[in-house]
Amino acid sequence: MAGNWKMNLAPDAGAALLAQLLPLVADATGAVDVVVCPPYTSLSAAAAALQGSDVGLGAQNCHWEDSGAFTGEVAPGMLLTIGCQWVILGHSERRLFFGETDEGVNRRTKAALAAGLRPIVCIGETLEERDAERVKDVVLGQLDRGLQGLSSEQLASVSVAYEPVWAIGTGRTATPEQAQEVHGLIRGRLRQSFGDAAADGVRIQYGGSMKPDNAAELMRQIDIDGGLIGGASLKAADFAAIANAARDVAG
Ligand code: 13P
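The sequence shown begins at 7 in my numbering and counts up by one.
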């Protein structure tokens with residue numbers, strides 16, 4: 007269960023949220039990986055606030071080079087140094103607003119893995135693509151190109167997040183059946199490309215208006231292994247309720 011804070015919560019506000027969150031998820035972390043992904047400038051404060059807890063830390067992007075003249079970018083090794091274990095890559099907001107391509111996502115994914123970070127690789131179709139019945143082509147195309155060239159061993163460190171763009175921040179969640187259908191397609195393609203063990207082991211997270219009142223039903227779907235939570239991760243009680251729902255379903 008990963009909380010994507012997006013461009014919210016400056017260092018003090020982030021640390022305050024984590025102080026509220028930690029006692030509420032102390033049980034859940036025994037059964038579920040709980041991760042928060044603050045904006046870059048809040049990572050240090052979050053790392054300090056998370057000291058001694060089992061809640062993990064992730065960033066929202068990283069570059070593919072180790073260092074150099076790449077203004078505005080952050081290298082995977084820098085994130086590791088600051089205490090991150092995870093990094094979100096290829097979020098639809100990066101793709102839509104900042105020109106992120108599948109090729110870039112692939113390079114970032116390889117670099118993150120090489121540095122020892124665990125990438126959460128995001129894929130998902132727009133409403134137009136769903137209405138045009140192109141979900142399978144779009145989502146599996148993003149999956150294939152994003153993970154191209156990875157070994158089965160590397161896939162074990164990757165988490166795939168299916169986030170239908172029309173469900174993000176809209177309050178319009180995919181139904182559990184709609185989400186499961188696409189998650190099943192994703193796992194099937196991973197099975198073809200990487201083999202049974204890798205496909206069975208990989209986590210496939212759902213993202214898009216996941217809330218306390220729909221989390222359990224989504225998590226009960228056979229191929230939904232977790233969530234990537236935007237808006238609801240900005241409220242400690244809501245994010246904890248989602249993590250605890252995942253714990254209950256897992257247990
Ligand atoms: P919301 O939960 O706000 O719909 O955002 C989902 C998301 O984009 C997580 O990465």
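For glycine and all other residues, C-beta sits at the position ideal for the given N, C-alpha and C.
Quick caveat: nothing in here was measured; it's all calculated off a predicted structure.
Taking a cut-off of 8 Å on C-beta distances, the stretch 147–156 touches the stretch 192–201, as three or more cross pairs fall below it.
DSSP places residue 92 within a strand segment (E or B) once states are collapsed to three. In this structure residue 128 is in contact with residue 167, their Cβ atoms being roughly 5 Å apart against a cut-off of 8 Å.
Residue 85 counts as buried, since no fewer than 16 other beta carbons sit within 10 angstroms of its beta carbon. In this structure the stretch 74–85 does not touch the stretch 52–59; the number of beta carbon pairs closer than 8 Å is below three. Residue environment: residue 122 is assigned as exposed (fewer than 16 neighbouring CB atoms within 10 Å of its CB, all protein chains considered).
Going by DSSP, residue 125 is part of the beta strand (DSSP E) stretching over 124–129. As the crow flies, the alpha-carbon of residue 60 is around 8 Å from that of residue 32. Looking from the CA of residue 24, the closest CA among 36, 37, 192 and 9 belongs to 9. For residue 210, the enclosing beta strand (DSSP E) stretches over residues 209–213.
Annotation note: the stretch 135–223 contains the following uninterrupted alpha helix (DSSP H) runs of length 4 or greater, listed N- to C-terminal: 141–152, 158–161, 182–200 and 202–207.
Counting only heavy atoms of ligand 1, the residues whose C-beta sits closer than 6 Å to one of them are, along the chain, 10, 97, 169, 174, 175, 213, 214, 215, 216, 234, 235, 236, 237 and 238. Residue environment for residue 181: exposed (fewer than 16 other C-beta atoms within 10 angstroms of its C-beta). The C-alpha of residue 116 lies about 8 Å from the C-alpha of residue 70. Between the alpha carbons of residue 253 and residue 126 lies a gap of roughly 20 Å.
Secondary structure of residue 14 (DSSP, three-state): coil. With a minimum length of 4 residues, the unbroken runs of alpha helix (DSSP H) contained wholly in the stretch 63–117 fall at 82–87 and 98–104.
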